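**Q** Here's a structure for you.
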Amino acid sequence: MADATAGPPARRRGRRRAGEDTRAPLLAAAREEFAERGFEGATVRRIAERAGVDAAMVNHWFGGKEQLFVAALDFPVDITTILDRVRPGDVDELGGRIVRTFLTVWDATGGAPLGTLIRSVASHESAARMMRDFVGKALADRIVRPTAPDRVELRAALCGTQIIGLGMIRYVLRLEPIASAGHDEIVTAIAPTLQRYLTGPLSPPG
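Written out as structure tokens, the structure reads:
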């Protein structure tokens, strides 16, 4: 008969057995390592150790570090879904909806996928391409083009400075007071600038 006073079984340490699914733990560990160290700083050995698997499983499941990186950048919510979510409603409040929606999505993952992307832009073409596609295609085509009175590409790039800059400060640098600020406070501070980039005049009058 089992001892009723016995505590829960101890968490197993060491590598997982060969028959266990090792792909999911590798992805989770890779997202953490890439978010903390970027593409260049993360190593296959450290990722495998963090996941508790043999390093050979990286090649088995993904083909190498670069392919693992691309898989780890797969966001839990598709970016077009996020942008489509904010479009309906008063156009004069679009800036606020964008900021609030991105904060909600980012906070749900602790900002890890975004942090990975931002840290790796300078050293990895896949990350740079994803960021360019976000600003130059998804943001421009789904939000700015249907809304802006003119200069779509410039307005999309300016909006990108606010959205990506917020992500950098809050989730990568973790700079206070932005890192721990509530959504309402951030929306109040940033939304008016984002709204001007979307629909307001970009040149001084005169």
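Positions in the sequence shown are counted from 1; adding 8 to them yields my numbering. Backbone N, C-alpha and C define an ideal beta-carbon position, used for all residues, glycine too. Predicted model, so just to flag it, every value in this text is computed and none were measured.
Any chance the region 69-79 sits against the region 144-153, with 3 or more Cβ pairs inside 8 Å?
**A** With the cut-off at 8 Å, the region 69-79 and the region 144-153 do not touch.
**Q** What distance in whole Å lies between the Cβ atoms of A43 and R127, which are believed to be in contact at a cut-off of 8 Å?
**A** The residue given as residue 127 occupies position 119 in the sequence shown. The residue given as residue 43 occupies position 35 in the sequence shown. R127 to A43, Cβ: 7 Å. Contact.
**Q** Are the CB atoms of R178 and W114 within a distance shorter than 9 Å?
**A** Along the sequence shown, one-based indexing puts residue 114 at 106. Along the sequence shown, one-based indexing puts residue 178 at 170. Cβ atoms of W114 and R178: closer than 9 Å.
**Q** Under 8 Å: do the region 127-146 and the region 60-70 share three or more Cβ pairs, one atom per stretch?
**A** With the cut-off at 8 Å, the region 127-146 and the region 60-70 do not touch.
**Q** Count the other C-beta atoms from every protein chain shown that fall within 10 angstroms of the C-beta of P209, then say buried if there are 16 or more, exposed otherwise.
**A** Mapped onto the sequence shown, residue 209 falls at position 201. Looking at its Cβ environment, which holds fewer than 16 other Cβ atoms inside 10 Å, P209 is exposed.
**Q** Hey, P200 and G103: beta-carbon distance below 9 Å or not?
**A** Your numbering for residue 200 matches position 192 in the sequence shown. Your numbering for residue 103 matches position 95 in the sequence shown. For P200 and G103, yes; Cβs fall inside 9 Å.
**Q** Could you tell me the boundaries of the alpha helix (DSSP H) in which I66 lies?
**A** The count along the sequence shown starts at 1 and reaches residue 66 at position 58. Correcting the residue type first, residue 66 is Val in the shown sequence and not Ile. 64-69 is the span of the alpha helix (DSSP H), which, as asked, contains V66.
**Q** Reducing DSSP to helix, strand and coil, say where G104 ends up.
**A** Stepping through the sequence shown from its first residue, residue 104 is reached at position 96. Reduced to three states, the DSSP call for G104 is helix.
**Q** Comparing C-alpha positions only, which one of E41, I87, P33, L34 sits nearest to G123?
**A** On the sequence shown, residue 123 is found 115 positions in, with the first residue counted as 1. The shortest C-alpha separation from G123 is found at E41.
**Q** Taking the alpha-carbon of R163 as reference, which of L183, E184, T207, A120 has the nearest alpha-carbon?
**A** Residue 163 sits at position 155 when you count from the first residue of the sequence shown. Ranking the options by Cα distance to R163, first place goes to T207.
**Q** Over the uninterrupted alpha helix (DSSP H) stretch that includes M176, give me the two end residues.
**A** The residue you call residue 176 lines up with position 168 of the sequence shown. Neither: M176 is in no alpha helix (DSSP H) and is coded neither H nor E.
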